[in-house]
């Protein structure tokens, strides 16, 4: 309680030399007594072209970084420089991406335990976790939806897997892809709400498998 009072006092009468900025993805997570003393400023996502320009300038000259890597980071960033930068700066990101691809490419032949083991491993990666695992899954199904709509590979994020994308696009309907992406988002929310990991993964697994049957 003393700490809460101290925070409120500081917000009400901040020192002249300080500007206090509280960052959150959800303002409702901040206590109403704190929120009422703040001015809420919504920060919009950066335009994709600015994000790509930043990555080209700061990572484009690095050894092994390709144009596809830069474009992938742009998509993954979703308008957030810091989020996209981890694709270059976090050595574990490639491991996470590899595991996600193992799941989405082989889900038809996987058991529930196989899938759960891959998702559990995401929490072992430094500074990464299940949220990023789900984000990468969503990018895969975004590619499927785009390819099914246009039959054009130019806008794909996972261009190296065009054969697999084409195969799955022939199996999945638009409704099926929507059902899977909704299930991924619901799985994320349920895990954040401390719903049983096994139950959440089973529901997600069954949704994907059911829709992959065509």
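In the working numbering, the protein residues as written are 15 to 228.
Every residue, glycine too, gets a C-beta built ideally from N, C-alpha and C.
The structure displayed is predicted, hence computed values, not measured ones.
- Between residue 185 and the set 73, 159, 205, the nearest pair of CA atoms involves 159.
- In the DSSP annotation of this structure, the continuous segment of the alpha helix (DSSP H) that includes residue 118 starts and ends at 107-120.
- If you compare the alpha carbons of 179, 216, 211, 206 with that of residue 43, the shortest gap goes to 206.
- For residue 79, the secondary structure class from DSSP, reduced to helix, strand or coil, is coil.
- Separation of the CB atoms of residue 65 and residue 88 is rounded to 5 Å, and the pair is thereby assigned contact status at 8 Å.
- DSSP places residue 35 in the coil class of the three-state scheme, outside both helix and strand.
- Look at the beta carbons and you see the stretch 90-102 not touching the stretch 176-194: under three pairs across the two are nearer than 8 Å.
- C-alpha of residue 147 to C-alpha of residue 130: approximately 12 Å in a straight line.
- Ranking 119, 122, 149, 47 by CA distance to the CA of residue 201 puts 149 first.
- Judged by DSSP secondary structure, residue 131 falls within the alpha helix (DSSP H) whose first and last residues are 126-136.
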